[in-house]
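Please read the structure below before turning to the comments.
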Amino acid sequence: MIDKQSDGVIIGIDLGTTNSAMAIVEGGQPKIIENTEGNRTTPSVVALSKAGERLVGQIAKRQAVTNSDNTIYSAKRLMGRRFKDKEVQKALKILPYHIREGNSGSVEIKLGEKWLRPSEISAMVLQKLKADAEAKLGKKVTDSTKRKTNRS
Amino acid sequence: MTTKKQHTNKKRGHAETPKTPDSVNQLESKAQEYLQGWQRCQADFENYRKEEDKNRQLAREFLKATIVSELIPVLDNFDVAMKHSPGDSTSPADPTDSKAKQWLHGIGHIHKQLVQLVESWGVRIINPVGEPFDPLYHEALDHDGAGHAVTQVVHKGYLFQDRVLRPAKVRVGTQAAPSQPTQQANQT
Chain B
0 MIDKQSDGVI
10 IGIDLGTTNS
20 AMAIVEGGQP
30 KIIENTEGNR
40 TTPSVVALSK
50 AGERLVGQIA
60 KRQAVTNSDN
70 TIYSAKRLMG
80 RRFKDKEVQK
90 ALKILPYHIR
100 EGNSGSVEIK
110 LGEKWLRPSE
120 ISAMVLQKLK
130 ADAEAKLGKK
140 VTDSTKRKTN
150 RS
Chain G
873 MTTKKQHTNK
883 KRGHAETPKT
893 PDSVNQLESK
903 AQEYLQGWQR
913 CQADFENYRK
923 EEDKNRQLAR
933 EFLKATIVSE
943 LIPVLDNFDV
953 AMKHSPGDST
963 SPADPTDSKA
973 KQWLHGIGHI
983 HKQLVQLVES
993 WGVRIINPVG
1003 EPFDPLYHEA
1013 LDHDGAGHAV
1023 TQVVHKGYLF
1033 QDRVLRPAKV
1043 RVGTQAAPSQ
1053 PTQQANQT
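Read top to bottom, the protein sequences are chains B and G. Residue numbers for the first sequence follow the working numbering, beginning at 0 and rising by one. Residue numbers for the second sequence follow the working numbering, beginning at 873 and rising by one.
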């Protein structure tokens, strides 16, 4: 009989404001998994290149200077907040990308021609982590547990 | 009085009684079971051996990558030193001039030797002056606001087995820098 769990694997994700990381449990102990670039942490950065290609992680961070309008970082800082929140108003002054008030007072970020919610930006980071974990482990990730904390 | 040997013979005599077809079948299935177990064990061992070979190979590559990563600052310092070598600044009348030039020439050779050593390990040097900026291999430190070409390489990048050990740290813009004194490295 094939054990259902052996088909897939469960990963734990630490979704950080600046960097994110992923881990599995091996022999009862957590073990950090390296991303496809061979690093234990992945910058929580999403960008849309001039060619219209979506870049996530280290690669997005490397081109930030050349493409600041379309390089989104610290999106987690805006997650779950209203546009009029003090924290968002403070972030508006320092973040180089475009932010606007969305439906019912939410926050929206411009990436290319689209306006996205901060959670959609973070989802792109999570997708990259999941894809990297699958490539590294050679197994499909069927479930995950996420840790998201705000220090401020 | 029966001896121990006689007792054993009796036991053997009992074991050598003719087998019924059922017991033969049972023994055959048991033998088949043991054979399959042994075959599985052999296959598991073969897989383990292959996995161990692969792990050893990965460990060797990881070690090389670690050594090269630690050598990168040394290579950077050599690049900077060669860039700022006095060159022809000494006076031709100076009797120490030719000696200084020879010494510099020797240092240049040591630098070249070090670069050749890391290249022999499969390391490729990224020195992309004039090429389009590519965030897969380059990290932008500065952008003049227009253009998308690498105008200057501040620090060369290093690639090992298609893994970027360090991206080339570059300036991006429209015009190429007037000169790049360190051209011995590969263009990628």
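The beta-carbon is built from N, C-alpha and C at its ideal position, and this holds for glycine as well.
Which residues of chain B have a Cβ atom closer than 7 Å to the Cβ of residue i, listed in chain order?
i: G:R1035; result: G37
Taking the beta carbon of residue i as the centre, do at least 16 other beta carbons fall within 10 Å, making it buried, or is it exposed?
i: B:S48; result: buried
i: B:D131; result: buried
i: B:I1; result: Any reading at B:I1 needs caution, since the residue's pLDDT is 35, under 50, leaving its predicted position unreliable; the model's value is listed next. Per the 10 Å Cβ criterion, exposed.
i: B:N34; result: buried
i: G:K922; result: exposed
i: B:K85; result: exposed
i: B:A152; result: Limits of chain B in this structure are 0 at one end and 151 at the other, which puts residue 152 of chain B out of reach.
i: G:Y1009; result: buried
i: B:T141; result: exposed
i: G:D894; result: exposed
i: B:E100; result: exposed
i: G:N897; result: exposed
i: G:I982; result: exposed
Below 9 Å on C-beta distance, what does residue i contact in chain G?
i: B:L47; result: Neighbours of B:L47 on chain G: none; closest Cβ ~12 Å, over 9 Å.
i: B:R81; result: Simply none; closest approach about 34 Å.
Which same chain residues, not among the five before or five after residue i, have their C-beta less than 8 Å away from its C-beta?
i: B:H97; result: D68, I108, K109
i: B:K30; result: A22, I23, V24
i: G:I944; result: Y1030, L1037, R1038
i: G:V1065; result: Nothing about residue 1065 of chain G can be reported from this structure: the residues present for chain G run from 873 to 1060 only.
i: B:A134; result: T35
Can you name the residues of chain G whose CB is closer than 7 Å to the CB of residue i?
i: B:L54; result: P1007
i: B:V64; result: A1012, L1013, D1014, H1015
i: B:I58; result: P1007, L1008
For residue i, which residues from the same chain have a beta carbon less than 7 Å from its beta carbon, with the 5 sequence-adjacent residues on both sides left out?
i: B:I93; result: none
i: B:K138; result: G7, V8
i: G:E933; result: Q1033
i: G:V1026; result: L1013, K1041, V1042, R1043
i: G:P1004; result: H1020, A1021
Under 8 Å between beta-carbons, which chain B residues line up against residue i? List them in chain order, please.
i: G:P1039; result: R61
i: G:V1044; result: V64, T65
Is residue j closer than 9 Å to residue i when the C-beta atoms are compared?
i: G:K1028; j: G:D951; result: yes
i: B:S121; j: B:L14; result: yes
i: B:A46; j: B:Q62; result: yes
i: B:S43; j: B:A74; result: yes
i: B:G56; j: B:V124; result: yes
i: B:L91; j: B:I12; result: no
i: G:G994; j: G:K936; result: yes
i: G:R928; j: B:G37; result: no
i: G:L986; j: G:V946; result: yes
i: B:I10; j: B:S143; result: yes
Which chain B residues sit within Cβ distance under 9 Å of residue i?
i: G:H1020; result: K49, T65
Spatial neighbours of residue i within its chain, please: C-beta separation below 6 Å, excluding the five flanking residues on both sides.
i: B:Y72; result: V44
i: G:D1016; result: G1045
i: B:W114; result: E107
Would a check of beta-carbon distances place residue i closer than 9 Å to chain C?
i: B:G27; result: You won't find chain C in this structure, because its protein chains are B and G.
Which residue spans inside the region 45-98 of chain B form an unbroken beta strand (DSSP E) run of at least 3? The region 45-98 of chain B contains these whole beta strand (DSSP E) runs: 45-47, 53-55.
At 4 residues or longer, and completely inside the region 967-1023 of chain G: list those alpha helix (DSSP H) runs for me, N to C. Entirely contained in the region 967-1023 of chain G, the alpha helix (DSSP H) runs reaching 4 residues are, in chain order, 969-992.
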